[in-house]
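Peer 1: Would you mind keeping the following structure in view while I ask a few things?
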């Protein structure tokens, strides 16, 4: 039995099946991007263990195909197992060994990146200073204790928790939060502007005058969902309710209330990653080729300030020239508001070196391997010619 | 005698090409458009000769680089542009706008007939309608547009381009531009004085001020409409301006730019049919450009020559001929035909190479910068590898592949050129010669090798199934070639794909983004890996290798074109809905070939006498090949 399993995991057939499955998956995942958008297709096909049908919302779903993680993992096991079992050193096999060692590094690096890399954005207008970047894909409910003038105490509740529509009880808060409704994507409208049938889902703050309309999730790469939720605040000391608030990114200012003698602010906002240093935008430039609208270059001149390491310097971030600092990389990703604001993509990827190393090793391996074939072939021919 | 046949073929064809390349004779008393066509102008961010502007504009509007008039006369693109620039009343009557969509014709109440080309004059009552309809279509993504919407949008864009061209040098309909400009120059000081007096509240000459104000208004309109920036900076660092812009600048400097004045005189002479005057001022301007802008003139003169030689069309014709000769060599008279094909291919490759390097010189870029140049480069790479194979095996197979792939890729390039300048400026993120020279070149070399492997396999199948010419030796060498080329493809596709990842890591901060073009590239790598492993593992034999190599054509064409048609992702730089049926047809043809190849070997004419056992190889043997 064990032997059979070992045979299975070391077999070349499994390799071929995995590669073929990967092709089918990538093909399907690429076509799916037309309707789902890159991000959603990536989640369903590539960054998953299994691909399900139908995707969601039908009450049942069955796995129909292995996902990217599963195929990658099996391939990785297969690669390592086959080499562990059959490995024997020979110069003739140098190329094969190098190629596969490089592939192992690449697959492992890919898995590592999937698990640990964090992508976020930093939006800066001229003169803005920020010490955090924002996650465009995920929201959080920030509950801020603003009683002290110098110090805000922030409790952030991630979107994934809100989604589950349940009661949130955190030790730092003197109240419980009950999520009444949660909309992944929504459109807010003033009640006075919609049909009379609509009603507000909140009874406190501006939310009491607003109707929330659920909308389908966006698929375009440059758009994002606007989640909304109705939350009820239940103080822990008595059994009563302070009321229900509507929270959404689309509402402008945060809303305040008092509870247990302190002042609180609540807001649904993009999830933030705080950094021990800050970035200030000095100037954003957007050059075009003369007489055209074709962009020639985007560049952000920023000041990097890190009191901890006594760094205070100006940096130019532009196309193909990112800033790498303390394990994070800042790339020029875009601009907004007629060139007045810049968008920097901030990536934390601990395994970004893996593909560089892997590429060199695999390329060397393939060169050696095919070189050996070529030399052998040339020898044979010259021998035949004689 | 037979020994000389290949040389005779080569000389005849080279002579024919040389004949095509002879410069056309200009009659002494005719306008000198050769000199005029070399004038440098800035359009689309690049300094280019007027001739290129003429060809690209006519290509966009008319679909061709020359214009056949209803009386049978043919106008070159430059002749047409000269009319458009200086004598628009004539140009408005010429049938340039191409409309094939019957719904667009219906919009104007016209029935579809033999006529495909229409003049600007015929549209003039419908301009507002065209603009409205075009704007509506413009709001949609390219993928969502119906055939009608694409056609009306094309027409609107063509008309906008045409009107901007007409107003590039002078406002259309201006009759005596030189006098007007000189008058403008003369009245600037008086008007300036009057303006200053007016500001101080003194008495001023209202007539002087209003005369200039009227002209300024005119030139503001001219500057707004101009498509061509024809006026170079007077110093090294300045910017190019349109004629209108330059005239507006003159208000502060008090002087007219010499080039503006020359263009005005050239235009007036052209309208007056004063050919001597036209040539005199063209000469004067050419001398001015040569003195003030020598580097720009060197480049534009070369580009003018490049435009005239049309190296890719010339080599395309030779590729076809060589392909036919190589195929014929399998039927008989093989050595002679084979050598003829080989010599012709060297000639075609030399011209192809000249074209490729000319583009690199003009653009100051590595060879591949857009879809058009990828086709040129894929053909070039595949032809070189095929010719090396031909040198080694000398059996006409490499020559046939070179001819076929060279021809087909250049045809594809020809059809990709319809959107205008193929030497366009690069988007900011692509503006890096290192990655263009490494990643893009590796990927496209990988495509070349994939198509070459596919072509070799097609030859194997077609010759094996339909003819008796696939002898054991030929089959052996075909198998070796295909296997070697697949290895080559694997190497380049893999390295190219990973380099692309590294570039993405450098520019966007992620190695892999599952963008369609990236996925397309990795599909090729996976397919190569499957093919090689299946071969090494003995799961496929020679015929399996051939079938998989043909399927490689499908994978590669999907990666090259298919993913661009999805209209998503960062790489969808060349969307072409029109090419979809062609792509589908190509894929179906390849599947048909695979089906044919899967017939039992008894049905292969070449193998019907032999048995299958020769086709079988042990894994060890396969590994050693």
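Residue numbers (my numbering), protein chains in the order written: chain B, 102 to 487; chain Z, 332 to 956. Positions of the beta carbon are idealized from the N, C-alpha and C atoms, including for glycine. Given the structure is predicted, the values throughout are model-derived calculations rather than measurements.
#1: What does residue 467 of chain B reach in chain Z if we use C-beta pairs closer than 7 Å?
#2: Are the CB atoms of residue 430 of chain B and residue 436 of chain B within a distance shorter than 7 Å?
#3: Would you verify that the beta carbon of residue 250 of chain B is, or is not, closer than 7 Å to some beta carbon of chain Z?
#4: Is residue 223 of chain B close to chain Z, meaning its C-beta is less than 7 Å from at least one C-beta of that chain?
#5: In the DSSP assignment, find the unbroken alpha helix (DSSP H) run with residue 785 of chain Z in it and report its ends.
#6: Anything in chain D within Cβ reach of residue 391 of chain B, meaning under 8 Å, just list it in chain order.
#7: Rounded to whole angstroms, what is the Cα-Cα separation between residue 119 of chain B and residue 338 of chain B?
#8: In three-state terms, what does DSSP make of residue 580 of chain Z?
#9: Of the residues B/273, B/363 and B/170, which one's Cα is nearest the Cα of residue 249 of chain B?
#10: In this structure, what does DSSP give as the bridge partners for residue 336 of chain B?
#11: What first and last residue would you give for the alpha helix (DSSP H) that runs through residue 618 of chain Z?
#12: Quick check on this structure: which residue in B/313, B/148 and B/405 has the alpha carbon closest to the alpha carbon of residue 168 of chain B?
#13: Taking only runs that begin and end inside the region 160 to 243 of chain B, name each unbroken alpha helix (DSSP H) of 4 or more residues, in chain order.
#14: Got a sec: is the Cβ-Cβ distance from residue 837 of chain Z to anything in chain B below 7 Å?
#15: Report yes if the C-beta distance between residue 508 of chain Z and residue 598 of chain Z is below 7 Å; otherwise report no.
#16: Determine the chain Z residues that contact residue 220 of chain B at a beta-carbon separation under 8 Å, and present them in chain order.
#17: Where DSSP assigns a beta bridge to residue 402 of chain B, which residues make up the other side?
#18: Taking residue 153 of chain B as part of the beta strand (DSSP E), name the residues at either end of that continuous run.
#19: Among the residues of its own chain, which have a CB less than 6 Å from the CB of residue 886 of chain Z, if the five just before and after it don't count?
#20: Since residue 854 of chain Z meets chain B, which of its residues come closer than 8 Å, beta carbon to beta carbon?
#21: Between the region 255 to 276 of chain B and chain Z, which residues of the former have CB atoms less than 7 Å from a CB of the latter, in chain order?
#22: Taking the alpha carbon of residue 708 of chain Z as the reference point, which residue from Z/372, Z/683, Z/888 and Z/718 has its own alpha carbon closest?
#23: Under three-state DSSP, which class holds residue 376 of chain B?
#24: Please confirm whether residue 505 of chain B and residue 218 of chain B have their CB atoms less than 7 Å apart.
#25: Going straight from the alpha carbon of residue 457 of chain Z to that of residue 224 of chain B, what length do you get?
#26: Tell me the rounded alpha-carbon separation between residue 477 of chain B and residue 190 of chain B.
#27: Can you tell me whether residue 484 of chain Z is helix, strand or coil according to DSSP?
#28: Can you tell me the Cβ-Cβ gap for residue 369 of chain B and residue 240 of chain B, rounded? I've got them flagged as a contact below 8 Å.
#29: Can you tell me where the beta strand (DSSP E) holding residue 372 of chain Z begins and where it ends?
#30: Give the DSSP bridge partners of residue 560 of chain Z, in chain order.
#31: Could you tell me the distance, in whole angstroms, from the CA atom of residue 132 of chain B to the CA atom of residue 897 of chain Z?
#32: Could you work out which residues of chain B lie near residue 857 of chain Z, taking near to mean beta carbons separated by less than 9 Å?
#33: Excluding five sequence neighbours on each side, which residues of the same chain lie with their C-beta closer than 6 Å to the C-beta of residue 407 of chain B?
#34: With DSSP as the reference, identify every bridge partner of residue 282 of chain B, one or two as the case may be.
#35: Which residues, in order along the region 745 to 758 of chain Z, keep a beta-carbon less than 9 Å from a beta-carbon of chain B?
#36: Would DSSP call residue 342 of chain Z helix, strand or coil?
Peer 2: Let's see:
#1: Residues of chain Z whose Cβ lies closer than 7 Å to the Cβ of residue 467 of chain B are, in chain order, 821, 822 and 825.
#2: No, the Cβ-Cβ distance between residue 436 of chain B and residue 430 of chain B is not below 7 Å.
#3: So no, residue 250 of chain B is outside the interface.
#4: It does not; no Cβ of chain Z falls within 7 Å.
#5: Element bounds for residue 785 of chain Z: 772 to 797.
#6: Within the model displayed, chain D is absent; protein chains B and Z are what it includes.
#7: Going by the C-alpha atoms only, they are around 58 Å apart.
#8: In the structure shown, the three-state DSSP call for residue 580 of chain Z is helix.
#9: Per the Cα distances, B/363.
#10: According to DSSP, residue 336 of chain B bridges with B/276.
#11: It spans 606 to 623 - the alpha helix (DSSP H) in which residue 618 of chain Z sits, taken as one unbroken run.
#12: Of B/313, B/148 and B/405, the residue nearest in Cα terms is B/148.
#13: The qualifying runs are 169 to 187 and 195 to 217.
#14: Any Cβ of chain B closer than 7 Å to the Cβ of residue 837 of chain Z would place that residue at the interface, and such an atom is present.
#15: Yes.
#16: Correct list: 840 and 841.
#17: According to DSSP, residue 402 of chain B bridges with B/384 and B/417.
#18: Here the beta strand (DSSP E) through residue 153 of chain B covers 151 to 154.
#19: Sequence-distant Cβ neighbours of residue 886 of chain Z in its own chain, meaning closer than 6 Å and more than five residues away, are 854, 855 and 858.
#20: Chain order gives the chain B residues near residue 854 of chain Z as 124, 127 and 128, where near means a beta carbon separation below 8 Å.
#21: In summary, no residue of the region 255 to 276 of chain B has a CB separated from any CB of chain Z by less than 7 Å.
#22: If we check each option's Cα against that of residue 708 of chain Z, Z/683 comes out closest.
#23: Residue 376 of chain B falls in the strand class under three-state DSSP.
#24: This structure does not reach residue 505 of chain B, given that chain B is present from 102 up to 487, and the question cannot be answered.
#25: Taking the CA atoms as reference points, residue 457 of chain Z sits about 46 Å from residue 224 of chain B.
#26: Rounded to the nearest angstrom, the two C-alpha atoms are 20 Å apart.
#27: Helix.
#28: Contact flag correct, Cβ pair sits at about 6 Å.
#29: It spans 371 to 374 - the beta strand (DSSP E) in which residue 372 of chain Z sits, taken as one unbroken run.
#30: The partner list for residue 560 of chain Z (beta bridge, DSSP) reads Z/373.
#31: Each residue's alpha carbon lies about 7 Å from the other.
#32: The contacting residues are 120, 121, 123, 124 and 127.
#33: 378.
#34: Bridge partners of residue 282 of chain B: B/331.
#35: The residues in question are 755, 756, 757 and 758.
#36: It is helical.
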